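In our numbering, the protein residues as written are 88 to 980.
Beta carbons are placed, not taken as given, at the ideal position from N, Cα and C, and that holds for glycine.
Quantities reported herein were computed from a predicted structural model and do not represent experimental measurements.
Let me begin by presenting the structure, written as structure tokens, before commenting on it.
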């Protein structure tokens with residue numbers, strides 16, 4: 088068996104680890120105040136890249152502590168000058184990185200006067216000579232010069248866990264060079280990161296051309312006189328000394344005198360006894376959970392984590408189905424899916440069982456339709472533990488089954504406990520409760536490499552591990568929900584809502600495809616006409632969709648004032664064009680072009696591409712565990728984003744129609760729900776009285792901020808301004824933000840805000856209180872006890888902290904509005920079922936519910952839905968529901 092040597096570039100990977108999770112800097116802090124972002128990322132690297140290798144020899148090389156005082160610093164005085172000092176938050180983690188390396192069984196090594204590259208270069212040649220297959224892991228492409236038939240250089244990218252593998256063949260394919268020619272390339276180009284020059288104005292592209300012709304520096308200069316006169320030739324001659332110095336600087340030593348022989352870098356395996364207290368000191372809860380679970384399952388050895396699961400799932404077949412009848416009245420049930428879209432993606436297999444009676448599974452989904460299993464699935468008296476009840480419900484519907492009896496959905500519960508996690512992976516979420524589940528990626532791969540293994544036992548045992556975890560997770564999860572006072576939110580809102588959403592998604596909404604095509608044809612004609620007008624005004628044809636060409640036309644040829652620049656040139660963003668529109672008709676046409684092109688591509692072509700050919704419907708997915716406010720989000724397709732601001736956009740809704748003849752579309756929506764919630768939560772008497780009197784809250788606000796008498800008329804501009812103030816206050820807007828939104832001075836905006844708070848003093852008082860509470864608790868809550876954690880509320884960065892404070896003010900309002908419509912959806916669904924109506928709920932668009940119903944049921948539906956939505960939650964102010972109906976969604980508004 089081939090012996091292996093693993094060489095790791097410590098400094099390079101440590102820096103990459105720090106910046107890979109730099110955006111988590113203020114969130115990843117241990118209880119002792121130590122920043123841990125680099126430690127977390129480096130630990131992930133060790134877990135995912137190093138530990139599975141189990142090399143015979145291994146060393147992590149570090150730059151000499153003396154820094155620049157190496158032979159390269161002696162050779163070129165400016166070597167690495169200009170590099171800023173490493174951030175203190177990184178330097179404080181450095182000693183712990185070395186300790187982590189040692190506890191993972193790897194030898195740390197540095198040598199005076201040498202960089203890590205030279206240590207790695209020398210060890211690689213020593214290892215190769217001794218018959219080892221050598222693997223180098225680095226974040227620095229300089230080391231690819233070391234690649235040989237026996238030495239592979241793995242360069243990390245996008246953090247520290249994604250690898251690009253460099254062999255001599257790959258280097259030849261990518262650059263057209265041999266590994267040693269990488270040195271020659273650096274000689275010509277120099278290295279800006281190490282601050283040494285090469286040849287003036289020779290970049291990588293030119294260097295590759297020169298090396299393809301001359302092979303190396305020596306041959307190039309031997310034939311320099313034969314080169315045609317050019318500026319490049321002049322630069323090559325003038326910078327000859329610099330090129331040769333650069334070659335020396337770029338060359339990694341492979342024969343340095345090291346004091347550490349190969350025999351002393353034997354890989355020792357992970358020291359779990361010491362690793363546990365080390366992780367505890369850093370608050371590495373996920374890693375501790377993994378170790379605890381592996382110890383419990385017996386998978387832990389003194390050397391490494393074994394990848395195989397010890398849980399065995401009994402394969403179900405037609406002749407042993409009776410076994411599931413003995414599972415009792417509480418079990419885990421899970422269908423595995425090959426993808427995210429449970430409306431259409433392939434079902435891989437299923438598992439059912441519990442610890443007492445065992446776990447059973449099969450790749451044959453038709454077994455679920457047998458009487459033995461159908462009875463269990465549809466029996467509400469049999470308690471079921473699942474992961475993502477909404478998705479599971481739809482999958483069972485695809486099989487003609489109704490999933491009943493679910494009391495524990497770990498995905499929903501975990502989401503409520505921490506909405507910031509934004510993770511739908513069972514393995515990750517389970518680690519919060521010290522339960523380890525092998526990640527799906529380990530079994531199936533990821534992205535383009537996703538594939539279901541042919542080994543059925545491997546797949547079923549993975550599903551069994553998930554089922555076993557679901558049985559273990561219920562008790563601690565429910566305990567955490569109880570401690571957070573969130574059992575009502577889970578049991579009475581989110582869990583029943585999941586079933587309502589599953590029904591809505593599976594039902595879908597019908598699309599009049601002929602109408603969409605008609606709209607598309609009309610848009611195409613209008614787009615072409617606007618395009619012709621733009622070319623006429625420009626005096627030339629150009630790519631309207633190219634920001635570079637558009638910027639050149641507007642700001643260089645036409646001389647319009649430059650409002651904003653980006654890294655790549657002139658900004659042609661919508662906000663920029665809107666400011667320029669009054670100055671040039673072409674800009675208004677460009678805005679119209681963009682709007683219509685977006686409608687055509689996203690909403691006409693996009694919707695047509697996702698219509699199900701079997702039922703002429705679109706089946707969206709409502710993401711119930713995505714947003715931190717609790718609002719639902721719609722994807723594949725996004726039906727919450729169908730345009731409403733323009734008539735052209737509203738026309739898209741004419742293609743949404745009832746699924747049966749003599750039916751209509753019915754819509755009901757809350758009016759100003761967030762402002763009513765604000766009045767309720769703040770207890771402001773003036774605001775509450777306005778709603779109790781049935782007054783127009785925006786008109787009332789306009790009278791306040793403009794100093795008008797109580798019964799004075801309010802014009803459209805004043806009301807629009809007041810509306811911006813009302814909703815801006817809800818979002819914690821500043822005078823700068825309000826001034827920008829309204830196109831007024833900051834002084835005017837500040838006066839508006841001050842006057843607003845004088846009129847509604849309890850609003851200002853509540854906002855101050857909620858910010859203080861957020862700083863104290865680290866989270867805010869809605870009326871249903873939905874929490875939003877604010878990890879940046881104590882951030883040193885002013886912008887991050889200010890955003891967290893604005894979020895603290897807005898989240899209880901927006902989240903409570905989300906709670907209310909969710910409660911209303913559940914109650915409306917129940918009433919429709921109780922009344923035995925044919926009406927069906929189809930969509931939720933934030934504060935609006937969309938239904939389809941027979942024409943004969945519309946009067947009943949209007950009365951029932953309005954009444955239920957009005958009384959969904961008892962507030963100190965009345966809720967107002969407006970309803971409409973018609974033959975299309977467009978008409979029902």
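Buried versus exposed, by CB contacts within 10 Å (16 or more), residue i
i: residue 784; result: buried
i: residue 661; result: exposed
i: residue 394; result: No answer about residue 394 holds up, because its pLDDT of 29 lies below 50 and its placement is not dependable.
i: residue 804; result: exposed
i: residue 147; result: buried
i: residue 118; result: exposed
i: residue 192; result: buried
i: residue 388; result: Here residue 388 scores only 47 on pLDDT, less than 50, and its place in the model is too uncertain to base an answer on.
i: residue 430; result: buried
i: residue 637; result: buried
i: residue 745; result: buried
i: residue 371; result: buried
i: residue 467; result: exposed
i: residue 603; result: buried
i: residue 396; result: For residue 396, the pLDDT reaches just 37, beneath the cut-off of 50, and the residue's location in the model is therefore unreliable, although a value from the coordinates is still provided. Buried, since its Cβ has 16 or more Cβ neighbours within 10 Å.
i: residue 868; result: buried
i: residue 98; result: buried
i: residue 724; result: buried
i: residue 150; result: buried
i: residue 592; result: buried
i: residue 928; result: buried
Closest by C-alpha distance to residue i, when choosing among the options
i: residue 434; options: 426, 919, 570; result: 426
i: residue 317; options: 287, 772, 677; result: 287
i: residue 881; options: 872, 847, 862, 895; result: 862
i: residue 95; options: 697, 184, 122; result: 184
i: residue 905; options: 763, 828, 833, 789; result: 763
i: residue 497; options: 483, 639, 578; result: 578
i: residue 265; options: 739, 236, 576; result: 236
i: residue 408; options: 448, 371, 420; result: 448
i: residue 350; options: 690, 92, 686; result: 92
i: residue 284; options: 770, 254, 333; result: 333
i: residue 478; options: 701, 219, 709, 356; result: 709
i: residue 836; options: 181, 141, 808; result: 808
i: residue 781; options: 858, 262, 511, 964; result: 964
i: residue 902; options: 463, 917, 920, 873; result: 873
i: residue 754; options: 950, 844, 801; result: 950
i: residue 36; options: 731, 920, 598; result: Because the chain is modelled from 88 through 980, residue 36 falls outside the range shown and cannot be assessed.
Closer than 6 Å: residue i CB and nearest the ligand ADP heavy atom
i: residue 409; result: By its list of ligands, the structure shown contains no ligand whatsoever, and the ligand ADP lies outside what it can speak to.
Integer-rounded CB distance, given that residue j should sit under 8 Å from residue i
i: residue 756; j: residue 969; result: 6 Å
i: residue 788; j: residue 813; result: 5 Å
i: residue 261; j: residue 291; result: Not really, about 12 Å apart at Cβ, beyond 8 Å.
Determine, using beta-carbon pairs with one atom in the segment 651-667 and one in the segment 584-592, whether at least three such pairs fall under 8 Å. no
Output the residue ranges of the alpha helix (DSSP H) runs that lie fully inside the segment 765-834 and measure 4 residues or longer, sorted by chain position. 772-779, 784-792, 803-817, 822-829
Runs of 4 residues minimum, wholly inside the segment 320-389: which ones carry the alpha helix (DSSP H) assignment? 327-337, 359-369, 372-384
Count Cβ pairs between the segment 570-584 and the segment 537-544 that sit closer than 8 Å; are there 3 or more? no
In chain order, which alpha helix (DSSP H) runs of at least 4 residues are fully inside the segment 625-673? 634-638, 661-667
Would you call the segment 555-562 and the segment 522-529 in contact, with 3 or more CB pairs under 8 Å? With a cut-off of 8 Å, the segment 522-529 and the segment 555-562 count as touching, because enough Cβ pairs lie within range.
Every unbroken beta strand (DSSP E) inside the segment 477-512 [3 residues or more]: 493-496
List in chain order: all unbroken alpha helix (DSSP H) runs of 4+ residues lying wholly within the segment 186-263. 203-216, 255-262
Inter-stretch contact (C-beta, 8 Å, three-pair minimum) for the segment 907-919 and the segment 943-962: yes
Is the segment 862-876 touching the segment 894-903 in the sense that three or more CB pairs, one from each, lie closer than 8 Å? Output reads yes: the segment 862-876 touches the segment 894-903.
Quick one: complete beta strand (DSSP E) runs, 3+ long, within the segment 900-953? 927-932, 935-941
So, does the segment 358-373 touch the segment 411-420, judging by three or more C-beta pairs under 8 Å? In short, these stretches do not touch, since the Cβ pair count stays below three.
Residue ranges of each alpha helix (DSSP H) within the segment 120-152, 4 or longer: 124-132
Taking 8 Å as the threshold, find out whether the segment 127-143 comes into contact with the segment 103-110 through three or more Cβ pairs. Contact annotation: the segment 127-143 touches the segment 103-110, with at least three C-beta pairs closer than 8 Å.
Given 8 Å as the limit, is there contact between the segment 450-460 and the segment 612-619, that is, 3 or more CB pairs closer than that? no
Is the segment 327-343 close to the segment 269-277, with three or more CB pairs under 8 Å? yes
Taking 8 Å as the cut-off, does the segment 498-505 touch the segment 540-550 (at least 3 CB pairs, one atom from each stretch)? No contact exists between the segment 540-550 and the segment 498-505.
Could you give the uninterrupted runs of the alpha helix (DSSP H) lying entirely in the segment 839-907, keeping only those of 4 residues or more? 848-864
Take every Cβ of the segment 715-731, pair it with every Cβ of the segment 621-634, and state whether three or more of those distances are shorter than 8 Å. no
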